[in-house]
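Chemist:
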Amino acid sequence: MIETTFTPVSAAVGGAMIGLGAVLLMALRGNVFGATGILAGVMSPSSSGEWAWRAVLMAGMISGPVAVFAVTGQMPAIEVPVSTWMLVVGGLIVGAGVTYGSGCTSGHGICGLARLSPRSIVATATFMASTAATVFVIRHVIGG
Amino acid sequence: MRLFLIYLAGLGFGVGIAISGMMNPAKVLNFFDFAGIWDPTLLVVMVSALVVTAIGYRLVFRRERPLFSPRFQVPTSRTIDAKLVGGAAVFGIGWGISGFCPGAALPALGTGDPAVLIFVGAMILGILLARAAIQRSWLARVFATA
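In order, the protein sequences belong to chains C and B.
Quick note on the working numbering: the first sequence kicks off at 31 and runs consecutively.
Quick note on the working numbering: the second sequence kicks off at -1 and runs consecutively.
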């Protein structure tokens, strides 16, 4: 476990920028900003026109931390409190789950909730609960 | 010009994830650790993003259509089935194990951190495996009815 401190101001500013990105994409292309859908679209395009904008959007996302580095001189912190095999197992499970569940925190948790989509409300409540249960089991049942 | 504006939408999202601290699995996992070292940051990020998106979408939907596309393409399905709930539950298990979700991990690729590369590689493999499984069950159903 790695202790972290509550950072409400950067959280609110960062959250607002995430929202602005989602709103801008809706205004431009009329699509929800779901990381799962964007990655899936880049992995298997239905047509080249559909591929290009998703690839550009993903390039924009990936330049985010680089832009932060260019302005502040510091890369955003990535502290990994889990082992490499947990990253691999977690990654496999996340990939499978978002494919079956048609979305993740950005698509369901932000864009879907903002539209009051019943599917997204159910999905978000489900994954928030299962994430919390998983962390509880790992840290306080197995690790405790 | 069109693609540049779309790039800016991605950049805004990526900068937001970076500033908010959500690229950091330690912060994300501590949010879910209510019984331990709880860090409420993720809640503030989600509420802030949600408020901006909800208000922004409302303004955008007043228009007939998006700027570069003939119509809005928001998901229309309203079916709540085992696939949705099961998939979401499984996703949460993976999120809880690793501390990364797709929306945080994709922008985090820009840091070049090896942990992110490992996670994203495994996630892509997971997507491909799930797709193959879905396709196979779909094929099985087609053959069963044929």
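Glycine residues also receive a C-beta, built at the ideal position from the N, C-alpha and C atoms.
Would you tell me roughly how many angstroms separate the C-alpha atoms of cysteine 200 of chain C and alanine 142 of chain B, rounded to the nearest one?
Modeler: Since the first residue of chain C shown is 31 and the last is 174, residue 200 of chain C is not available in this structure.
Chemist: Fully enclosed by the stretch 33 to 116 of chain B, which alpha helix (DSSP H) runs are 4 residues long or longer?
Modeler: Whole alpha helix (DSSP H) segments, 4+ residues: 39 to 58, 80 to 96, 100 to 106.
Chemist: Would you say the stretch 82 to 91 of chain B touches the stretch 152 to 161 of chain C, given that touching needs at least three Cβ pairs under 8 Å?
Modeler: The stretch 82 to 91 of chain B, when compared against the stretch 152 to 161 of chain C, does touch it at the 8 Å Cβ threshold.
Chemist: Threonine 34 of chain C by DSSP, collapsed to three states: which one?
Modeler: The answer is coil: DSSP assigns threonine 34 of chain C none of H, G, I, E or B.
Chemist: Could you tell me if glycine 45 of chain C is buried or exposed, where buried requires 16 or more neighbouring beta carbons within 10 angstroms of its beta carbon?
Modeler: The residue is buried, with at least 16 neighbouring Cβ atoms inside 10 Å.
Chemist: Of the choices B:Val118, B:Ala80, B:Leu82, B:Leu57, whose alpha-carbon is the least far from that of leucine 58 of chain C?
Modeler: The shortest Cα separation from leucine 58 of chain C among B:Val118, B:Ala80, B:Leu82, B:Leu57 belongs to B:Leu57.
Chemist: Whose CA, out of B:Asn28, B:Pro68, B:Val49, B:Ala131, lies closest to the CA of leucine 40 of chain B?
Modeler: The shortest C-alpha separation from leucine 40 of chain B is found at B:Asn28.
Chemist: Residues of chain C with CB closer than 7 Å to the CB of isoleucine 69 of chain B, please, in chain order.
Modeler: Here residue 69 of chain B is arginine; the residue named in the question, isoleucine, does not match the sequence. Here the neighbours are Gly60.
Chemist: Hey, how far is the Cα of arginine 139 of chain B from the Cα of serine 18 of chain B?
Modeler: Cα to Cα, arginine 139 of chain B sits roughly 45 Å from serine 18 of chain B.
Chemist: Starting from valine 43 of chain C, find everything on chain B with Cβ-Cβ shorter than 7 Å and list it in chain order.
Modeler: Correct list: Ile17.
Chemist: Taking only the alpha-carbon atoms, compute the straight-line gap between alanine 126 of chain C and isoleucine 132 of chain B and give it to the nearest angstrom.
Modeler: The alpha-carbon atoms of alanine 126 of chain C and isoleucine 132 of chain B are separated by roughly 10 Å.
Chemist: Indicate whether the contact test is met: 3 or more Cβ pairs, each with one atom in the stretch 96 to 107 of chain B and one in the stretch 3 to 22 of chain B, closer than 8 Å.
Modeler: Yes: at least three Cβ pairs fall under 8 Å.
Chemist: Would you say tryptophan 93 of chain B reaches chain C, if we count a Cβ-Cβ gap shorter than 8 Å as a contact?
Modeler: It does: the Cβ of tryptophan 93 of chain B has a partner Cβ on chain C nearer than 8 Å.
Chemist: Could you give the DSSP three-state label for serine 78 of chain C: helix, strand or coil?
Modeler: Residue state, collapsed to three classes: helix.
Chemist: Would glycine 60 of chain C and arginine 63 of chain B be called neighbours here (beta carbons separated by less than 8 Å)?
Modeler: Taking 8 Å as the Cβ cut-off, glycine 60 of chain C and arginine 63 of chain B qualify as a contacting pair.
Chemist: Could you check how far apart the C-beta atoms of proline 111 of chain C and alanine 16 of chain B are, in whole angstroms? I think they sit under 8 Å.
Modeler: Their Cβ separation, rounded to whole angstroms, is 19 Å, which puts proline 111 of chain C and alanine 16 of chain B out of contact at 8 Å.
Chemist: Determine, using beta carbons only, whether glutamate 80 of chain C comes closer than 8 Å to chain B.
Modeler: No, glutamate 80 of chain C lies away from the interface with chain B (no Cβ there is under 8 Å from its Cβ).
Chemist: Does any residue of chain B have a CB that is nearer than 8 Å to the CB of proline 148 of chain C?
Modeler: So, interface residue.
Chemist: For serine 43 of chain B, which residues in the same chain have their Cβ closer than 7 Å to its Cβ, ignoring the five residues on either side in sequence?
Modeler: As written in the sequence, residue 43 of chain B is valine, which differs from the serine given in the question. Closer than 7 Å at the Cβ level, and outside the excluded window around valine 43 of chain B, lie Ser18, Met20.
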